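Participant:
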Amino acid sequence: MRLNKYLADCGVASRRGCDAIIAQGRIKINGKTVTQLGIDVNPDNDTVSLDGKRLKPKRRDVYVMLHKPKGVVCTAKDDKGRKTVLDLLDVKARLFPVGRLDYDTEGLLLLTTDGQLAQTLTHPSHHIPKTYVVRIFGELTEDEKITLEKGVMLDGKPTLPASIKVVGKDDRTSRLEITVFEGRNRQVRRMLDSVGKDVEFLKRVSVGDLKLGGLSRGKYRYLTEKEINYLKSL
């Protein structure tokens with residue numbers, strides 16, 4: 277976050293007024309005076325003071341996108357001592373996942389302090405598209421593809437129609453792009469299992485309009501204001 281915006285959020289002045297205060301050398305970040313305009317501050321980890329008095333903005337919810345690696349669980353603690361998604365974050369705020377990715381799946385995972393938004397996004401009535409890149413052993417026939425797209429029975433209830441594209445194949449595996457509109461437990465794996473396909477690799481690459489992009493495995497970033505507003509509009 278830009279320093280002048282952080283100061284404005286603390287009620288110091290307008291952004292333009294905050295720029296003048298910064299230029300006067302009245303602001304310190306982690307004990308060091310700053311006069312340069314346009315620098316960034318981390319609201320969760322940096323200490324900012326004005327004329328020696330620490331500043332604290334009004335409570336702001338935190339929204340994070342994580343590239344969850346395989347072999348990490350989506351819980352705060354794990355009885356088996358496995359690494360959790362919170363172990364990958366250097367964020368002081370108490371975050372919790374928006375939905376889950378299973379232990380053997382990697383990809384886009386949202387975490388937030390905004391409990392109301394998390395509840396809304398994961399409610400069964402919100403059919404937000406989630407896209408996965410999948411590598412299966414063998415080949416997916418056209419009949420199997422149509423079956424999965426129409427919906428299969430899981431736990432006595434049919435899945436919603438899905439979108440499936442075969443985007444590549446070799447002698448051993450096929451690469452698929454699957455978009456589902458629900459968040460059932462291990463849904464993509466179980467759908468493929470219903471037509472006899474074993475998954476070698478599974479990665480979520482998007483949730484709605486939010487894309488994982490080039491975010492490296494195990495890394496995270498804060499959502500932009502535009503992305504946050506998009507999620508709140510769903």
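Under my numbering, the first residue of the sequence shown is numbered 277, with each subsequent residue one higher.
Backbone N, C-alpha and C define an ideal beta-carbon position, used for all residues, glycine too.
Treat the numbers as computed from the prediction; the structure is a model and nothing was measured.
Where in the segment 337-399 do unbroken runs of the beta strand (DSSP E), each at least 3 residues long, occur, reported from the N-terminal end onward?
Facilitator: Runs found: 339-344, 382-388.
Participant: I'd like to confirm the pairing. Which residues does DSSP put opposite I440 in its beta bridges?
Facilitator: Partner(s): I454.
Participant: Do Y496 and L384 have their C-beta atoms closer together than 8 Å?
Facilitator: The answer is no: Cβ separation not under 8 Å.
Participant: Distance, Cα to Cα, L424 vs M467?
Facilitator: Taking the straight line from one Cα to the other gives about 7 Å.
Participant: Quick one: what's got a C-beta closer than 6 Å to G357's C-beta in the same chain, skipping five residues either side?
Facilitator: Same-chain partners within the cutoff: there are none.
Participant: Going by Cα to Cα distance, which pick from L326, Y339, P345, L279 is closest to R302?
Facilitator: Out of L326, Y339, P345, L279, L326 has the C-alpha closest to the C-alpha of R302.
Participant: In whole angstroms, what is the alpha-carbon distance linking A284 and V338?
Facilitator: The straight-line gap from Cα to Cα measures roughly 18 Å.
Participant: Counting C-beta neighbours from all protein chains within 10 Å, is the total for M341 16 or more, i.e. buried, or is it exposed?
Facilitator: The residue in question, M341, is buried, as its Cβ has 16 or more Cβ neighbours within 10 Å.
Participant: Restricting to Cα atoms, I'd like to know which of V483, N318, V324, L362 is closest to I513.
Facilitator: This structure does not reach residue 513, given that the chain is present from 277 up to 510, and the question cannot be answered.
Participant: Just the Cα atoms here: how many angstroms apart are G449 and L377?
Facilitator: Gly is not the amino acid found at residue 449; the sequence shown has Thr there. In a straight line, the C-alpha of T449 is about 23 Å away from that of L377.
Participant: Quick check: L416 and G427, are their CB atoms within less than 8 Å of each other?
Facilitator: Against a cut-off of 8 Å, the Cβ pair of G427 and L416 comes out as no contact.
Participant: Closest to D322 by CA distance: which of K332, V349, L313, V410 is it?
Facilitator: Ranking K332, V349, L313, V410 by Cα distance to D322 puts K332 first.
Participant: How would you call K502, buried or exposed, if buried means at least 16 neighbouring beta carbons within 10 angstroms?
Facilitator: Answer is exposed; the Cβ neighbour count stays below 16.
Participant: Roughly how many whole angstroms lie between the Cα atoms of D354 and A299?
Facilitator: Approximately 48 Å between the Cα atoms of the pair.
Participant: Just curious, the alpha helix (DSSP H) that E420 is in, first and last residue?
Facilitator: Unbroken alpha helix (DSSP H) run through E420: 418-426.
Participant: How would you write the range of the alpha helix (DSSP H) that S509 sits in, first residue to last?
Facilitator: It spans 501-509 - the alpha helix (DSSP H) in which S509 sits, taken as one unbroken run.
Participant: Counting contacts by CB-CB distance shorter than 8 Å, is G287 in contact with chain C?
Facilitator: The structure shown contains no chain C, having only a single protein chain.
Participant: With burial defined as no fewer than 16 other Cβ atoms inside 10 Å of the residue's Cβ, what is the status of K344: buried or exposed?
Facilitator: When all chains shown are included, K344 counts as buried.
Participant: Which residues mark the beginning and the end of the beta strand (DSSP E) in which A298 is found?
Facilitator: It should be pointed out that residue 298 corresponds to Ile in this sequence rather than to Ala. Careful: I298 lies outside any beta strand (DSSP E), inside the alpha helix (DSSP H) at 291-299.
Participant: Going by beta-carbon coordinates alone, are G432 and T398 separated by less than 8 Å?
Facilitator: Result no, Cβ atoms of G432 and T398 do not sit closer than 8 Å.
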